[in-house]
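Chemist: Sharing a structure here in structure tokens format.
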Amino acid sequence: MTMRMLKLPANADQKPDPELDLEDLETNFNAMLKIRGDISGKDFFFAFPGQAWAMVPQEGNYRCFRTFGLGAGRIEEVEDGWRIYNREVLYYLDPDTGEILNEWSNPLLGGKKVEVFHIANDPVNGVFSRKSNPVLAPPYPYIAYGDVIAFQWDFYISKPAAMNRADYPLYSSGDMDNHAELWGIQGRKSDVLNPDITSGQCSLSWSRVADWLPFMEMGNSPGRMIFHSQCVKLTGGVTELPRYILDYTEKHYPKYLEAPTEWNGPQMTSTNGEFKKYIDAKTGQGKLSQ
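Quick note on numbering: the sequence shown equals residues 2 to 291 in our numbering.
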């Protein structure tokens with residue numbers, strides 16, 4: 002077997018795969034869509050259990066949470082590519098028992114109890130465009146080996162923070178939000194080549210490097226949060242979720258068990274923006290002091 006990668010130098014003498022040439026833009030694009038989504042337009046679902054760690058410079062690393070996320074998506078072909086309709090929820094769990102948390106004793110603040118704010122992003126819509134969206138445009142970096150295809154997405158984001166330091170000193174790490182979302186998307190060549198399969202098997206890895214979670218009440222103390230999850234496409238639907246996760250979602254976040262149906266343009270819901278709305282509504286103002 003031969004390993005192939007995107008855009009090697011000419012002297013690497015990489016020959017195209019005669020069955021599936023992922024150097025070709027359209028082939029690359031269609032392979033990613035079939036692995037990541039469902040080209041028939043049906044809903045698809047991902048479950049992503051993982052962990053979240055705190056890294057404090059010159060002090061140590063702390064396993065703060067286990068996590069469990071669920072994503073519900075749908076893709077739709079349009080003139081320049083494919084729209085993705087998506088929403089996602091992620092729960093913070095006790096690192097030892099796996100219990101879904103409502104409050105948490107922050108070990109970095111001497112055990113101070115804080116209210117947990119789970120991630121609930123709706124919608125997370127975008128366009129996989131051939132030309133107009135350089136962030137999501139093909140060809141996507143890949144490794145191909147035998148029946149394995151693995152695509153890589155790396156997003157490095159820098160934008161004004163949802164909560165600034167002056168108005169939200171307890172919750173804001175700074176006036177800029179600098180974070181990374183790192184994805185590996187793995188599927189099977191045989192699924193891509195099979196015309197009877199519209200949604201190939203898929204496993205993903207997801208890592209996030211970011212500032213403190215606002216609900217941790219860390220302000221601008223030195224440190225970062227590291228998330229790492231392994232994800233699987235639930236080919237049989239949401240009934241394949243762990244029972245307690247499904248029960249909790251049906252009770253508290255039922256709309257996350259299906260993909261959005263309305264398109265209002267690309268919209269990337271911000272968890273920190275949602276937390277800001279929550280705090281503003283709770284306090285009746287936008288300013289809290291430490």
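No residue lacks a Cβ here, since even glycine has one placed at the ideal position from N, Cα and C.
Computed from a predicted model, the values in this text were never measured in an experiment.
Going by CA-CA distance only, name the one from Ile120, Trp54 and Pro261 that's closest to Ile85.
Modeler: Pro261
Chemist: Taking Asp123 as the reference, give the member of Ser191, Pro161 and Thr272 with the closest Cα.
Modeler: Selection Ser191, Pro161 and Thr272 evaluated against Asp123 yields Thr272 as nearest (Cα-Cα).
Chemist: Have a look at the DSSP bridge pairing and note the partners of Asn62.
Modeler: Met56
Chemist: Looking only at DSSP bridge pairs, what is Leu205 linked to?
Modeler: Ile186 and Cys232
Chemist: Please state whether the Cβ-Cβ distance between Leu258 and Ala73 is less than 8 Å.
Modeler: yes
Chemist: Counting C-beta neighbours from all protein chains within 10 Å, is the total for Tyr245 16 or more, i.e. buried, or is it exposed?
Modeler: exposed
Chemist: For Phe156, count neighbouring Cβ atoms within 10 angstroms of its own Cβ and tell me buried if that reaches 16, exposed if not.
Modeler: Answer is exposed; the Cβ neighbour count stays below 16.
Chemist: Compute the Euclidean distance between the alpha carbons of Leu26 and Tyr93, then round it to the nearest angstrom.
Modeler: Each residue's Cα considered, the two are about 39 Å apart.
Chemist: Spatial neighbours of Ser41 within its chain, please: C-beta separation below 8 Å, excluding the five flanking residues on both sides.
Modeler: Closer than 8 Å at Cβ, skipping near neighbours: Thr199 and Ser200.
Chemist: Mind checking whether Val128 and Gly82 have CB atoms under 8 Å apart?
Modeler: yes
Chemist: Can you look up Lys256 in the DSSP assignment and give me helix, strand or coil?
Modeler: Lys256: helix per DSSP, three-state reduction.
Chemist: Are the CB atoms of Pro267 and Asn87 nearer to each other than 8 Å?
Modeler: For Pro267 and Asn87, no; Cβs fall outside 8 Å.
Chemist: Taking Cβ to Cβ, would you say Pro170 is nearer than 8 Å to Gly220?
Modeler: yes
Chemist: Compare the Cα-Cα distances from Asp192 to each of Thr270, Ala32, Ile120 and Met6 and report the closest residue.
Modeler: Proximity to Asp192 across Thr270, Ala32, Ile120 and Met6 peaks at Ala32, based on C-alpha coordinates.
Chemist: Nearest-angstrom Cα distance between Trp105 and Pro96?
Modeler: 11 Å
Chemist: Confirm, please, whether the CB-CB distance from Cys232 to Leu194 is below 8 Å.
Modeler: no
Chemist: Taking the CB atoms as reference points, tell me whether Ala181 and Val136 lie closer together than 8 Å.
Modeler: It is not a contact, given that the beta carbons lie outside the stated cut-off.
Chemist: Check whether the region 5–25 touches the region 46–63, taking contact to mean three or more Cβ pairs, one atom from each stretch, closer than 8 Å.
Modeler: no
Chemist: So, at 8 Å on beta carbons, what are the nonlocal neighbours of Val79 in its own chain, with the 5 sequence-adjacent residues on each side left out?
Modeler: For Val79, where only same-chain residues beyond five positions count, the Cβ hits under 8 Å are Val128.
Chemist: Starting from the C-beta of Arg75, find all residues in its chain whose C-beta is less than 6 Å away, skip the five residues before and the five after it, and write them out in chain order.
Modeler: Asp44, Tyr86 and Ala260
Chemist: What does the alpha-carbon distance come out to for the pair Trp154 and Leu7?
Modeler: 13 Å
Chemist: Cutting at 8 Å between CB atoms, please list the residues of its own chain near Leu109, excluding the five before and the five after it.
Modeler: Ala55, Val57, Tyr63, Met217, Met219, Ser222 and Gly224
Chemist: May I have the straight-line CA-CA distance separating Ile227 from Asn265, to the nearest angstrom?
Modeler: So the alpha carbons of these two residues sit roughly 32 Å apart.
Chemist: Could you check what DSSP says for Asp192 in three-state terms: helix, strand or coil?
Modeler: helix
Chemist: Relative to the C-alpha of Tyr172, which candidate in Gln15, Gly274 and Lys35 has its C-alpha closest?
Modeler: Gly274
Chemist: Within the continuous alpha helix (DSSP H) that includes Met33, where are the two ends?
Modeler: Secondary structure note for Met33: its alpha helix (DSSP H) is the uninterrupted segment Leu26 to Arg37.
Chemist: Hey, would you say Phe49 sits closer than 8 Å to Ser230, going by beta carbons?
Modeler: yes
Chemist: Write down the C-beta distance between Tyr254 and Val90 rounded to the nearest angstrom, noting that I regard them as a contact closer than 8 Å.
Modeler: With a beta-carbon spacing of about 5 Å, Tyr254 and Val90 fall inside the 8 Å limit used to define contacts.
Chemist: Distance check for Arg166 and Thr28, CA to CA, integer angstroms please.
Modeler: 46 Å
Chemist: Looking at the strands, I want to know which residues DSSP matches up with Asp95.
Modeler: DSSP lists no beta-bridge partner residue for Asp95.
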